[in-house]
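Peer 1: The C-terminal position of the sequence shown is numbered 170 in the numbering used here, with every residue numbered one higher than the one before it.
All C-beta atoms in this analysis are idealised placements derived from N, C-alpha and C, irrespective of residue type, glycine included.
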Amino acid sequence: MISKYLVRDVMKKGVVEVTLDTKLSDVIKTMAKYDISSVVVSDGERFWGIITDTDILKHYNELDKTAEEIMTVNPITVSPEAPLEKAIEIMAEKGIHHLYVKSPCEDKIVGVLSSKDIIKLFSNLIE
Numbered sequence: 044m045i046s047k048y049l050v051r052d053v054m055k056k057g058v059v060e061v062t063l064d065t066k067l068s069d070v071i072k073t074m075a076k077y078d079i080s081s082v083v084v085s086d087g088e089r090f091w092g093i094i095t096d097t098d099i100l101k102h103y104n105e106l107d108k109t110a111e112e113i114m115t116v117n118p119i120t121v122s123p124e125a126p127l128e129k130a131i132e133i134m135a136e137k138g139i140h141h142l143y144v145k146s147p148c149e150d151k152i153v154g155v156l157s158s159k160d161i162i163k164l165f166s167n168l169i170e
């Protein structure tokens, strides 16, 4: 059913970024503004980590902390050319809801694949 799909077919292209020194309160506002459940932490040139809704829930009462202090470093990434089935296996095995898509040509995050994106695809396929 999904064997014909690659990550690039389902992922959301582009990401919302915050800087290392962004306060948690501003990360929360950014996520709410864009109605997203994760952001990339970068310094404009290099990708340092991610902050997900789970990280927010863990630190919700520490609004003065910076993105650098609460981010998940070295998140698992996948190529846009990877089979979707492989991405689903990684997410299930690691218990994660966001899989960042890294450009095969450069050290840059080009999109994100979320469990919501996969569920939407499943819903469309079974209609």
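(1) Tell me which residue opens and which closes the beta strand (DSSP E) that L142 is part of.
(2) Excluding the 5 residues flanking D64 on each side, which residues of the same chain have their C-beta closer than 8 Å to its C-beta?
(3) With a threshold of 8 Å on Cβ separation, who are the neighbours of L168 within its own chain once the five nearest residues in sequence on each side are excluded?
(4) Distance check for V83 and I99, CA to CA, integer angstroms please.
(5) For the pair the region 72-88 and the region 121-137, tell me if three or more CB-CB distances fall below 8 Å.
(6) Would you please state the rounded distance, in angstroms, between the beta carbons of V123 and V144? I believe it to be under 8 Å.
(7) For V53 versus L164, is the C-beta distance shorter than 7 Å?
(8) Go to S46, then tell me how far its alpha helix (DSSP H) extends in each direction, as first and last residue.
Peer 2: Judging by the given coordinates:
(1) First-last of the beta strand (DSSP E) with L142: 141-145.
(2) T109, A110, E111
(3) M44, I45
(4) Roughly 13 Å between the two C-alpha positions.
(5) As far as the Cβ criterion goes, the region 72-88 does not touch the region 121-137, which means the pair count is below three.
(6) This sequence places Pro at residue 123; Val is not what is there. Right, the Cβ-Cβ distance comes to about 5 Å (below 8 Å), so this counts as a contact.
(7) Yes, the Cβ-Cβ distance between V53 and L164 is below 7 Å.
(8) No alpha helix (DSSP H) holds S46; DSSP gives it neither H nor E.
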